[in-house]
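Some notes on the structure that comes next.
There are 2 protein chains.
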Amino acid sequence: MTVTLADVAARAQVSPATVSRVLNGNYPVAASTRERVLRAVDELDYVLNGPASALAAATSDLVGILVNDIADPFFGIMASAIQGEIGGPGGRAGGERLAVVCNTGGSPERELTYLTLLQRQRAAAVVLTGGAMENEPHAAAVAAKLRRLGEAGTRIVLCGRPPAPDTSAIALTFDNRGGGRELTEHLIGLGHRRLGYIAGPEERTTTRHRLEGHRAALAAAGIEEDPRWTVHGRYDRRAGYEATLELLRRDPSLTAVVAANDSVALGACAALRDSGLRIPEDVSVAGFDDLPFSIDAVPSLTTVRLPLAEAGARAGRIAMGREEPPPGGIATVRGELMVRGSSGVPRG
Amino acid sequence: MTVTLADVAARAQVSPATVSRVLNGNYPVAASTRERVLRAVDELDYVLNGPASALAAATSDLVGILVNDIADPFFGIMASAIQGEIGGPGGRAGGERLAVVCNTGGSPERELTYLTLLQRQRAAAVVLTGGAMENEPHAAAVAAKLRRLGEAGTRIVLCGRPPAPDTSAIALTFDNRGGGRELTEHLIGLGHRRLGYIAGPEERTTTRHRLEGHRAALAAAGIEEDPRWTVHGRYDRRAGYEATLELLRRDPSLTAVVAANDSVALGACAALRDSGLRIPEDVSVAGFDDLPFSIDAVPSLTTVRLPLAEAGARAGRIAMGREEPPPGGIATVRGELMVRGSSGVPRG
DNA sequence: CCTTGGATAGAAAGCGCTTGCTGTAACGCT
DNA sequence: AGCGTTACAGCAAGCGCTTTCTATCCAAGG
Numbered sequence: 001m002t003v004t005l006a007d008v009a010a011r012a013q014v015s016p017a018t019v020s021r022v023l024n025g026n027y028p029v030a031a032s033t034r035e036r037v038l039r040a041v042d043e044l045d046y047v048l049n050g051p052a053s054a055l056a057a058a059t060s061d062l063v064g065i066l067v068n069d070i071a072d073p074f075f076g077i078m079a080s081a082i083q084g085e086i087g088g089p090g091g092r093a094g095g096e097r098l099a100v101v102c103n104t105g106g107s108p109e110r111e112l113t114y115l116t117l118l119q120r121q122r123a124a125a126v127v128l129t130g131g132a133m134e135n136e137p138h139a140a141a142v143a144a145k146l147r148r149l150g151e152a153g154t155r156i157v158l159c160g161r162p163p164a165p166d167t168s169a170i171a172l173t174f175d176n177r178g179g180g181r182e183l184t185e186h187l188i189g190l191g192h193r194r195l196g197y198i199a200g201p202e203e204r205t206t207t208r209h210r211l212e213g214h215r216a217a218l219a220a221a222g223i224e225e226d227p228r229w230t231v232h233g234r235y236d237r238r239a240g241y242e243a244t245l246e247l248l249r250r251d252p253s254l255t256a257v258v259a260a261n262d263s264v265a266l267g268a269c270a271a272l273r274d275s276g277l278r279i280p281e282d283v284s285v286a287g288f289d290d291l292p293f294s295i296d297a298v299p300s301l302t303t304v305r306l307p308l309a310e311a312g313a314r315a316g317r318i319a320m321g322r323e324e325p326p327p328g329g330i331a332t333v334r335g336e337l338m339v340r341g342s343s344g345v346p347r348g
Numbered sequence: 001m002t003v004t005l006a007d008v009a010a011r012a013q014v015s016p017a018t019v020s021r022v023l024n025g026n027y028p029v030a031a032s033t034r035e036r037v038l039r040a041v042d043e044l045d046y047v048l049n050g051p052a053s054a055l056a057a058a059t060s061d062l063v064g065i066l067v068n069d070i071a072d073p074f075f076g077i078m079a080s081a082i083q084g085e086i087g088g089p090g091g092r093a094g095g096e097r098l099a100v101v102c103n104t105g106g107s108p109e110r111e112l113t114y115l116t117l118l119q120r121q122r123a124a125a126v127v128l129t130g131g132a133m134e135n136e137p138h139a140a141a142v143a144a145k146l147r148r149l150g151e152a153g154t155r156i157v158l159c160g161r162p163p164a165p166d167t168s169a170i171a172l173t174f175d176n177r178g179g180g181r182e183l184t185e186h187l188i189g190l191g192h193r194r195l196g197y198i199a200g201p202e203e204r205t206t207t208r209h210r211l212e213g214h215r216a217a218l219a220a221a222g223i224e225e226d227p228r229w230t231v232h233g234r235y236d237r238r239a240g241y242e243a244t245l246e247l248l249r250r251d252p253s254l255t256a257v258v259a260a261n262d263s264v265a266l267g268a269c270a271a272l273r274d275s276g277l278r279i280p281e282d283v284s285v286a287g288f289d290d291l292p293f294s295i296d297a298v299p300s301l302t303t304v305r306l307p308l309a310e311a312g313a314r315a316g317r318i319a320m321g322r323e324e325p326p327p328g329g330i331a332t333v334r335g336e337l338m339v340r341g342s343s344g345v346p347r348g
């Protein structure tokens with residue numbers, strides 16, 4: 001049936017142990033023997049049995065990447081960068097590791113399920129991307145899971161996610177608060193005093209941090225915030241569209257709309273246009289993340305650029321043990337304000 | 001150290017065999033025993049050892065999804081849909097399957113590497129998304145790999161990819177040719193006679209099929225194509241921008257630009273604007289795929305909608321054996337022309 | 001009251017690979 | 001020449017689980 005190590009060994013006239021060692025290249029094997037073995041492997045078209053190998057060696061070459069929404073380029077870009085650092089050489093058995101992307105869809109249960117599945121597969125490393133849920137029992141469950149994974153030797157890296165105390169997880173955290181604050185300061189600097197804010201889903205750290213930054217900027221400028229100015233919704237275009245209509249209904253005098261991210265901002269732009277308002281003459285709009293399409297919006301989007309690819313690559317290297325973790329296991333990744341056409345001086 | 005089946009068995013005062021049977025639920029176990037076992041599992045916080053299980057049972061619960069570019073929503077949307085159908089119950093051991101997304105980056109070598117890795121893991125199924133390379137030796141290598149995977153019992157589904165003859169692969173193919181033709185017919189119908197075409201990378205089936213559709217429409221309308229009107233590039237915004245400038249340089253009298261996909265079209269729009277041309281008054285633009293952001297372009301993009309999520313979901317179900325494959329193992333998925341603001345009657 | 005059979009539970013043989021330990025040549029040194 | 005080394009190669013013991021076959025118990029049938 002399927003070719004096994006023993007078959008290769010027989011064909012190469014050596015013991016299975018020798019074949020294994022040739023394949024793993026972690027033990028001296030005479031060049032002539034190695035060649036004979038490799039030829040046999042080739043001739044028989046042998047493919048290592050991953051599970052058997054993982055069982056015997058008590059390690060696997062699987063690396064898990066958890067994302068909230070794989071259809072969102074925010075995660076896609078990070079995942080791509082992470083995977084780019086993982087696919088390369090550096091491991092056992094041909095130096096290939098299987099980087100796998102798991103889509104939680106933002107669901108706490110699926111997040112835990114995937115972590116269990118990865119634990120079951122004895123993953124070599126796990127990278128969790130994006131914000132975390134602020135739901136206490138869930139957070140505790142995740143922390144417990146991470147602790148157990150860490151104890152089992154799985155390296156854990158958080159990319160764009162707040163640190164997980166009491167775990168061995170390395171955290172590369174985005175400075176969402178700082179970025180949010182800078183963005184709103186920019187708008188205030190232009191003269192805006194009545195700013196709507198379209199926040200992401202509640203109970204997410206990203207949502208809260210960006211909103212806190214926004215409010216900090218308002219407070220620093222002595223602007224008293226009107227509760228009507230904040231609406232929560234999902235992190236997508238549709239939510240931005242609807243939230244904007246709602247904001248306009250609540251207070252038509254708003255001169256700026258700050259969105260939780262770029263997709264939401266795009267929806268906001270559409271809603272404003274459909275309401276007959278010009279951007280930025282009537283209302284300024286700002287996003288967050290600076291995804292590739294943001295520059296193509298008309299007018300192009302003022303936003304905060306997050307170095308997603310760089311952060312992902314770094315997370316990937318750390319997960320592979322190819323880069324030193326930051327001191328204290330925590331690093332903050334800052335965003336950069338990108339001022340573009342969608343923000344301007346308010347009318348009147 | 002780590003908890004094993006035997007530990008659970010000891011705690012529940014049963015044999016390991018019984019624990020295994022409780023966990024897999026494929027053999028009668030008295031309710032009282034089952035409960036005792038489950039309690040022990042819970043108390044010890046036991047997690048099955050995936051590799052050991054896969055080895056003993058000669059099957060695994062891994063499902064691979066190959067994508068060309070995970071940062072591109074085109075693939076993200078499909079991957080998300082596929083995964084949505086796979087994550088659910090229906091398998092062994094808790095009914096969870098690990099759907100893993102592998103990013104080939106469009107590289108033939110990585111595609112083969114990933115297929116080998118999945119073969120090594122004895123994946124339960126593999127879904128390949130997106131166009132294939134038209135490089136003969138590579139195509140043959142992939143076909144051989146797929147054949148071997150199929151023989152090993154791995155179910156194979158192609159989603160948005162042409163059929164692979166002589167393999168057991170089920171194919172859900174996008175009608176790129178038909179879509180391309182319809183799109184160009186629309187533009188011709190508006191009165192355009194000089195149409196630039198920004199094609200994707202050569203050697204890809206998707207690129208060729210869309211281009212063939214375009215040319216078929218031109219031919220049907222009796223328009224002789226000028227070789228200067230076609231430029232090849234990558235499937236991203238940047239390539240679209242540059243290709244458009246090149247097209248304009250070659251023939252400033254073009255009245256329409258057809259792009260290989262929406263991202264490219266967005267880049268084309270930017271280039272046209274930067275060249276001082278209005279859309280669609282001076283030049284019409286069309287894309288392909290109808291990704292979520294396309295409707296937010298200004299003007300919104302005329303394009304061909306591909307039912308990515310539906311096709312992905314179907315592919316996922318077929319991969320899980322929960323839906324009958326189409327007759328002959330091949331189904332064609334049609335696109336739908338979406339006429340929007342970026343296409344109009346040519347000037348003059 | 002013994003037999004028959006259904007329902008469970010256990011014993012044990014692997015699944016295919018890795019690796020510590022045990023040979024065994026060939027080599028270099030005094 | 002004799003002996004310690006070095007450099008490979010092989011043996012065999014698992015890794016933790018699944019599953020076939022067998023054993024046991026008990027209720028029902030004769």
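The listed protein sequences derive, respectively, from chains A and B. Here the first sequence stands for residues 1 to 348, where the numbers follow the working numbering. Here the second sequence stands for residues 1 to 348, where the numbers follow the working numbering. Every residue gets a Cβ at the ideal spot worked out from N, C-alpha and C, and that includes glycine.
#1: Measuring alpha carbon to alpha carbon, tell me which residue in B/Gly153, B/Leu211 and B/Val14 is nearest B/Arg39.
#2: Quick one: what does DSSP say A/Arg34 is sitting in, helix, strand or coil?
#3: Quick one: residues in its chain with C-beta nearer than 7 Å to the C-beta of B/Ala260, no 5 flanking neighbours on either side, listed in chain order?
#4: Pop quiz: A/Ala123 and A/Thr154 are said to be a contact at Cβ under 8 Å. What is the actual Cβ separation, rounded to whole angstroms?
#5: For A/Val8, report the span of its alpha helix (DSSP H) as first-last.
#6: Any idea which residues DSSP pairs B/Met360 with across the strands?
#7: Please confirm whether B/Ala319 and B/Ile70 have their CB atoms less than 8 Å apart.
#8: Look at the Cβ atom of A/Pro292, then the Cβ atom of A/Gly341, and state whether they are nearer than 8 Å.
#9: Going by beta carbon distance, what residues of the same chain come within less than 8 Å of A/Ala351, once the five residues before and after it are set aside?
#10: Note down the Cα distance separating A/Ile295 from A/Val3, rounded to an integer number of angstroms.
#11: Among the candidates A/Leu55, A/Asp61, A/Ala52 and A/Val101, whose CA atom is the shortest distance from the CA of A/Gly76?
#12: With burial defined as no fewer than 16 other Cβ atoms inside 10 Å of the residue's Cβ, what is the status of A/Asp45: buried or exposed?
#13: Between the stretch 60-69 of chain A and the stretch 113-129 of chain A, are three or more C-beta pairs nearer than 8 Å?
#14: Can you tell me whether A/Arg34 is buried or exposed, with buried defined as 16 or more other CB within 10 angstroms of its CB?
#15: Ignore the nearest five residues each way along the sequence and tell me which others in B/Arg347's own chain have a CB closer than 8 Å to its CB.
#16: Below 7 Å on C-beta distance, what does B/Phe293 contact in chain A?
#17: What is the residue span of the beta strand (DSSP E) that B/Thr230 lies within?
#18: How many Å lie between B/Pro329 and B/Ala141 at the Cα?
#19: Tell me whether A/Tyr46 sits in a helix, a strand or coil according to DSSP, three-state version.
#20: Please report the distance separating the alpha-carbon of B/Asp251 from that of B/Gly276.
#21: Whose Cβ in chain A lies nearer than 7 Å to the Cβ of B/Thr116?
#22: Which one of B/Ser343, B/Tyr241, B/Val67 and B/Glu242 has the shortest CA to CA distance from B/Ser284?
#23: Just to confirm, are A/Thr104 and A/Val67 a CB contact at a threshold of 8 Å?
#24: Quick one: which unbroken beta strand (DSSP E) runs of 3-plus residues sit fully inside the stretch 208-296 of chain B? Chain order, please.
#25: Is there a Cβ of chain A sitting closer than 8 Å to that of B/Ser343, yes or no?
#26: Sort B/Arg21, B/Leu187 and B/Pro108 by Cα distance to B/Lys145 and report the nearest one.
#27: Using alpha carbons as the reference points, say which of A/Ser253, A/Asn176 and A/Leu266 lies closest to A/Leu306.
#28: By Cβ distance below 7 Å, which residues in the same chain neighbour A/Ala139 in space, the five residues on each side in sequence not counted?
#29: For A/Ala99, which option in A/Arg36, A/Ser53 and A/Val127 has the closest C-alpha, if you only look at C-alpha atoms?
#30: Are A/Arg237 and A/Leu190 touching if we call contact CB-CB under 8 Å?
#31: Can you name, in chain order, every residue of its own chain whose Cβ lies under 6 Å from the Cβ of B/Glu212, other than the five neighbours on each side?
#32: So is B/Asn26 buried or exposed if we call it buried at 16+ other beta carbons inside 10 Å?
#33: Who are the neighbours of A/Arg110 on chain B, taking C-beta pairs under 9 Å?
#34: According to DSSP, is A/Ile156 helix, strand or coil?
#35: Would A/Arg249 pass as an interface residue toward chain B - the criterion being a Cβ-Cβ separation below 8 Å?
#36: Can you give the Cα-Cα distance for B/Gly335 and A/Gly335, rounded to whole angstroms?
Let's see:
#1: B/Val14
#2: helix
#3: Ile198, Ala199, Gly200, Thr207, Arg210, Tyr235 and Phe288
#4: 5 Å
#5: Leu5 to Ala12
#6: This structure gives no information on residue 360 of chain B, because the portion of chain B shown stretches from 1 to 348.
#7: no
#8: no
#9: Residue coverage of chain A in this structure runs from 1 to 348, which leaves residue 351 of chain A outside it and unanswerable.
#10: 53 Å
#11: A/Val101
#12: exposed
#13: yes
#14: buried
#15: Thr255, Glu281 and Asp282
#16: Leu266 and Phe293
#17: Thr230 to His232
#18: Per the sequence shown, the amino acid found at residue 329 of chain B is Gly instead of Pro. Spanning the two alpha carbons is a distance of roughly 21 Å.
#19: coil
#20: 15 Å
#21: Val47
#22: B/Ser343
#23: yes
#24: 230-232, 256-259 and 284-286
#25: no
#26: B/Pro108
#27: A/Asn176
#28: Ala132 and Met133
#29: A/Val127
#30: no
#31: Arg177
#32: exposed
#33: Gly87
#34: strand
#35: no
#36: 39 Å
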